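In terms of full-length UniProt numbering, the sequence shown is residues 1 to 272. No residue lacks a Cβ here, since even glycine has one placed at the ideal position from N, Cα and C. From a predicted model like this one, the values you see are computed outputs, not experimental measurements. Everything below concerns the one structure shown next.
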Amino acid sequence: MGYRIIPASLAIGLTTNEAYTYFCLLAKSDYNTYISHVKLETLSQLTGISKTEYISKHIEKLIKKGLLRKDTQQNIGNKGVFNTCTYYLYKPQIDWIRIDLDLLEENIPNKLKAFLILLKCICLNNTNYTGYNKSEICKKLNISRPTLDSYLNQCIDKELIKEEQNGYTLTNTHLFKIDIVKGKDDDEVYTKVYIPMADFFASQNITIPPYNKKIVGKIIDHYSALPFLAAALKKRKIPEGTVCTWKYLAKVLKVNIVEKPRPIPPKVTLIM
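Listed below in structure tokens is the structure:
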């Protein structure tokens with residue numbers, strides 16, 4: 001398969017070199033088992049890091065982070081005794097991002113590729129949008145402000161990132177997958193309301209938030225039917241390229257999505 005999944009929270013804290021070594025290890029792993037027998041020399045070629053001892057240090061960091069486990073086997077061949085390694089990479093069930101292996105072939109510096117991977121790790125769930133300012137990104141990714149400015153400027157110049165009013169968006173949804181939360185096939189709110197809403201938003205170059213049955217239901221109840229909602233959205237004139245949250249949409253559309261607290265029943269004292 002042409003993609004691998006990365007545990008977002010665990011990957012945060014890696015340097016760009018460590019993150020790219022990790023992605024190359026993933027690329028050289030089996031799609032189903034996430035087991036790799038890749039050689040250090042192959043990783044050196046993929047990463048562009050000539051000294052394999054640096055690759056070994058990156059692997060030790062990945063082991064400490066819980067991103068992989070390494071087994072070393074001793075073998076005897078025509079030229080004597082030599083070691084081979086098997087890497088068991090952690091395959092997350094939750095809290096993951098999905099990145100296409102075509103990223104390896106992109107004609108951009110490897111450090112930028114790694115920076116984009118790390119930036120994707122701090123995007124909102126199921127989006128390519130991070131609502132953090134520069135100071136917050138520096139803190140979360142543990143990089144200096146000059147380094148961040150350099151990465152952002154290069155990525156914006158290459159149209160890999162778009163600057164938003166309150167953050168940044170990764171533009172390439174082929175490389176950096178967006179996995180929209182789906183409803184069940186028999187969920188009419190999902191099939192008859194959310195999907196047409198998403199199609200309309202896409203036609204306006206606006207990113208809709210992941211599916212939330214309660215909120216979508218409240219919005220459509222407020223507007224009675226989808227054509228009225230579409231008319232309201234056109235009237236409000238949400239800027240093209242906006243990455244919406246439900247809170248933002250509710251404010252624009254003047255819909256109350258706040259859950260009312262349930263009243264606490266009075267205590268009943270039984271008199272015997």
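Determine the DSSP secondary structure at isoleucine 122, reduced to helix, strand or coil. Counting from 1 along the sequence shown, the entry for residue 122 is found at position 122. The answer is coil: DSSP assigns isoleucine 122 none of H, G, I, E or B.
Just to confirm the assignment, what range does the alpha helix (DSSP H) spanning lysine 139 have? Here residue 139 refers to the residue found at position 139 when the sequence shown is read from its first residue. Start and end: 134 to 141.
In the DSSP output, which residue or residues are listed as bridge partners for serine 144? Within the sequence shown, numbered from 1, the residue matching residue 144 stands at position 144. According to DSSP, serine 144 bridges with nothing at all.
Kindly indicate which residue of Lys177, Phe228 and Tyr87 has the alpha-carbon position closest to the one of asparagine 125. By 1-based counting over the sequence shown, the position of residue 125 is 125. The shortest C-alpha separation from asparagine 125 is found at Lys177.
To the nearest angstrom, how far is it from the Cα of glutamine 45 to the Cα of valine 38? The residue labelled residue 45 in the question sits at position 45 within the sequence shown. The residue labelled residue 38 in the question sits at position 38 within the sequence shown. Each residue's Cα considered, the two are about 11 Å apart.
Contact belief for lysine 65 with glycine 131 at Cβ below 8 Å, rounded distance in angstroms: Along the sequence shown, one-based indexing puts residue 65 at 65. Along the sequence shown, one-based indexing puts residue 131 at 131. About 25 Å separates the CB atoms of lysine 65 and glycine 131; that is not less than 8 Å, and the two are not in contact.
Run through DSSP, which three-state label would glutamate 163 get? Against the sequence shown, residue 163 aligns to sequence position 163. Strand at glutamate 163.
According to DSSP, residues forming a beta bridge with isoleucine 156: For the purposes of this step, residue 156 is taken as the residue at position 156 of the sequence shown. Isoleucine 156 pairs with nothing; no bridge assigned.
For aspartate 100, report the span of its alpha helix (DSSP H) as first-last. By one-based count along the sequence shown, residue 100 stands at place 100. Not the alpha helix (DSSP H): aspartate 100 falls in the beta strand (DSSP E), residues 96 to 100.
Taking three-plus beta-carbon pairs below 8 Å as touching, is the segment 161 to 172 in contact with the segment 104 to 123? yes
So lysine 70 and tyrosine 87 are supposed to be a Cβ contact under 8 Å. How far apart are they, rounded? Here residue 70 refers to the residue found at position 70 of the sequence shown. Here residue 87 refers to the residue found at position 87 of the sequence shown. Yes, they are in contact, since the Cβ atoms of lysine 70 and tyrosine 87 sit about 6 Å apart, within 8 Å.
Put threonine 15 into one of helix, strand or coil per three-state DSSP. Taking the sequence shown and counting its residues from 1, the one referred to as residue 15 is at position 15. In this structure, threonine 15 counts as coil in the three-state DSSP scheme.
Go through its chain and collect everything with a Cβ distance to serine 9's Cβ below 8 Å, but skip five positions before and after it. Indexing the sequence shown from 1 puts residue 9 at position 9. Excluding positions up to five away in sequence, the list reads Asp95 and Cys121.
Quick one: what does DSSP say valine 38 is sitting in, helix, strand or coil? As a position in the sequence shown, residue 38 is number 38, starting the count at 1. DSSP places valine 38 in coil when its eight states are reduced to three.
Measure the beta-carbon distance from isoleucine 5 to proline 92 and round it to whole angstroms, keeping in mind my assumption that it falls under 8 Å. In the sequence shown, the residue the question calls residue 5 occupies position 5. In the sequence shown, the residue the question calls residue 92 occupies position 92. With a Cβ gap of about 6 Å, isoleucine 5 and proline 92 count as contacting.
DSSP has phenylalanine 176 in a bridge; who is on the other side? By one-based count along the sequence shown, residue 176 stands at place 176. Its beta-bridge partners are Ile99.
What is the DSSP secondary structure of valine 243, counted as helix, strand or coil? For this step, residue 243 is matched to residue 243 along the sequence shown. Correct three-state label for valine 243: strand.
My output table needs one value for asparagine 110: the three-state DSSP class, helix, strand or coil. Here residue 110 is taken as the residue at index 110 of the sequence shown, counted from 1. Note: asparagine 110 maps to helix in three-state DSSP.
Once the 5 residues before and after threonine 242 are set aside, which same chain residues still bring their CB inside 6 Å of it? The sequence position of residue 242 within the sequence shown is 242, counting from 1. Same-chain partners within the cutoff: Ile206.
Answer yes if the segment 184 to 200 comes into contact with the segment 157 to 166, meaning at least three C-beta pairs across the two stretches below 8 Å, and no otherwise. no
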